[in-house]
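Visitor: Converting from the sequence shown to the working numbering requires adding 49 to each position, the first position being numbered 1.
Here a beta-carbon is modelled for each residue, glycine too, at the ideal position from N, C-alpha and C.
All values derive from a computational prediction rather than experimental measurement.
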Amino acid sequence: MSTRRGDKALRGEDEYLSSHYFEGEDETRWLTGRGELITVYDPTNIPGTTSTYTTATKLEIPKGYVVEVIRAWVKITR
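What follows is the structure in structure tokens.
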């Protein structure tokens, strides 16, 4: 069974991603992560804040919002 980049994170397991884009979904999710850049934003608006998290931080991903990750450990749960 092959695993694509981001699949472990979507299963709720810690995964290191050098860069990745997670599509929006029809329900609220939660991201726990730390790394150089983690951005959660509404794709219909210009991205707002980008942040560096050096310790594990839990962020809400509202319905429809997308996530961009650069050099970070992340996991996504529902």
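Where residue 125 and residue 112 are concerned, what is the direct C-alpha to C-alpha distance, given to the nearest angstrom?
Guide: Cα to Cα, the separation comes out at about 13 Å.
Visitor: Quick one, which of 120, 58, 70, 64 has its alpha-carbon nearest residue 114's?
Guide: Nearest option by C-alpha distance: 70.
Visitor: Among the candidates 109, 79, 66, 127, whose CA atom is the shortest distance from the CA of residue 86?
Guide: The shortest C-alpha separation from residue 86 is found at 66.
Visitor: Should residue 16 go down as buried or exposed, given a rule of 16 or more other Cβ atoms within 10 Å for buried?
Guide: Because the chain is modelled from 50 through 127, residue 16 falls outside the range shown and cannot be assessed.
Visitor: Report back the beta-carbon spacing between residue 117 and residue 88 to the nearest angstrom; my notes put them in contact at under 8 Å.
Guide: That pair is a contact at about 4 Å.
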